[in-house]
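Residues in the sequence shown are numbered from 3 upward in steps of one, following the working numbering. Here the structure comes first, spelled out in structure tokens, and everything after it is commentary.
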Amino acid sequence: MSVKIITDSAADLPKELLQTYDIDLIPLRVYDEAETEYLDGVTLESTQLLQKMREGEMYKTSLPSLETFQEKFVTYAKLGTPCIYVAFSSELSGTYQSSVVIKEEVKETYADLDLEIINTKCASLGQGLVVLEAAKMAKEGASKEEILNRIAFLTKHMEHIFTVADLQYLVRGGRLSKVAGFIGGLLNIKPILNVEEGKLVPLEKIRGRKKVLGRMVDIMEDRGKNLKDQTIGITHGDDLETANALKALITEKFGCEVFIVNTIGAAIGAHTGPGVVTLFFLNEVE
Numbered sequence: 003m004s005v006k007i008i009t010d011s012a013a014d015l016p017k018e019l020l021q022t023y024d025i026d027l028i029p030l031r032v033y034d035e036a037e038t039e040y041l042d043g044v045t046l047e048s049t050q051l052l053q054k055m056r057e058g059e060m061y062k063t064s065l066p067s068l069e070t071f072q073e074k075f076v077t078y079a080k081l082g083t084p085c086i087y088v089a090f091s092s093e094l095s096g097t098y099q100s101s102v103v104i105k106e107e108v109k110e111t112y113a114d115l116d117l118e119i120i121n122t123k124c125a126s127l128g129q130g131l132v133v134l135e136a137a138k139m140a141k142e143g144a145s146k147e148e149i150l151n152r153i154a155f156l157t158k159h160m161e162h163i164f165t166v167a168d169l170q171y172l173v174r175g176g177r178l179s180k181v182a183g184f185i186g187g188l189l190n191i192k193p194i195l196n197v198e199e200g201k202l203v204p205l206e207k208i209r210g211r212k213k214v215l216g217r218m219v220d221i222m223e224d225r226g227k228n229l230k231d232q233t234i235g236i237t238h239g240d241d242l243e244t245a246n247a248l249k250a251l252i253t254e255k256f257g258c259e260v261f262i263v264n265t266i267g268a269a270i271g272a273h274t275g276p277g278v279v280t281l282f283f284l285n286e287v288e
């Protein structure tokens with residue numbers, strides 16, 4: 003029996019890839035200021051959320067409901083399907099921890115549940131690229147052990163480099179001090195951040211949007227390996243023009259041919275705001 007790959011909506015994969023590779027998606031929850039609950043990518047699309055944020059609406063997010071995890075895990079336990087849940091970083095969400103708790107509860111009734119839960123320490127398409135490769139391997143008939151070994155490599159070597167158009171969302175989310183946000187706005191300073199061990203870590207501050215993209219490509223050159231042969235991920239906060247500009251710079255410099263470019267999901271976008279641009283690649287290849 004082939005391995006079933008499960009992930010959550012923080013992976014920000016295009017819907018057509020989810021369908022093509024039969025990836026089972028668990029949506030995170032998003033709440034507006036009126037406390038209306040939405041399911042990421044199901045009852046709320048990121049383009050809707052980002053437009054509302056431009057108009058001043060603020061959102062908060064929550065992990066999937068425990069009932070959702072339970073229903074999903076029980077279904078696969080009854081089918082006897084071997085599964086791998088490739089989860090959002092535990093440093094950025096309680097999703098991973100909650101899924102582990104529910105797994106143990108389900109095993110009390112279904113002792114044969116064959117489920118591995120992976121804390122990717124990744125987010126957005128960094129997580130998504132891991133999920134996609136795992137799903138491709140599963141579709142080709144790879145064993146669970148082979149897939150888990152590959153996931154371990156990918157999660158260890160996945161780079162996340164990103165910038166935001168407006169610092170206010172990082173400030174409101176506690177990522178930057180109000181003073182830093184104010185100064186950044188005055189001087190057109192844009193932060194470059196990355197993910198280290200699952201946490202968001204600031205790298206640099208660059209003056210001007212165009213210079214930021216060039217610097218992101220420089221960081222990619224410093225850290226990346228065999229970039230031409232990789233699938234490169236780019237997500238954006240409803241700013242396809244900037245995402246395509248970054249893609250063009252990467253293509254020109256490294257000759258990369260395979261890209262996944264997608265609008266960032268609602269759950270991630272609620273914290274980054276419109277105009278975020280994020281770049282994903284590997285710093286090592288097998």
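We treat Cβ as the ideally placed atom computed from N, Cα and C, and that holds for glycine.
Between the CA atoms of residue 129 and residue 120 - distance to the nearest angstrom: Using only the alpha carbons, I get a separation of about 11 Å.
The segment 25-33 in contact with the segment 218-233 per 3-pair CB rule at 8 Å: Cβ pair count under 8 Å is below three, so no.
Buried/exposed call for residue 113, threshold 16 Cβ in 10 Å: exposed
Residue 235 - DSSP class collapsed to helix/strand/coil: strand
Own chain residues within Cβ distance below 8 Å of residue 133, not counting five before or after: 7, 9, 13, 15, 25, 88
Alpha-carbon spacing of residue 193 relative to residue 43, whole angstroms: So the alpha carbons of these two residues sit roughly 27 Å apart.
Contact under 9 Å by Cβ, residue 127 with residue 285: Contact: no.
Same chain, Cβ closer than 7 Å to residue 70, neighbours up to 5 away in sequence not counted: 28
Those runs of the alpha helix (DSSP H) which lie wholly inside the segment 67-148 and span at least 4 residues: 68-81, 97-111, 126-141
Residue 248 (DSSP reduced to helix, strand or coil): helix
Three-way DSSP call (helix, strand, coil) for residue 52 in this model: helix
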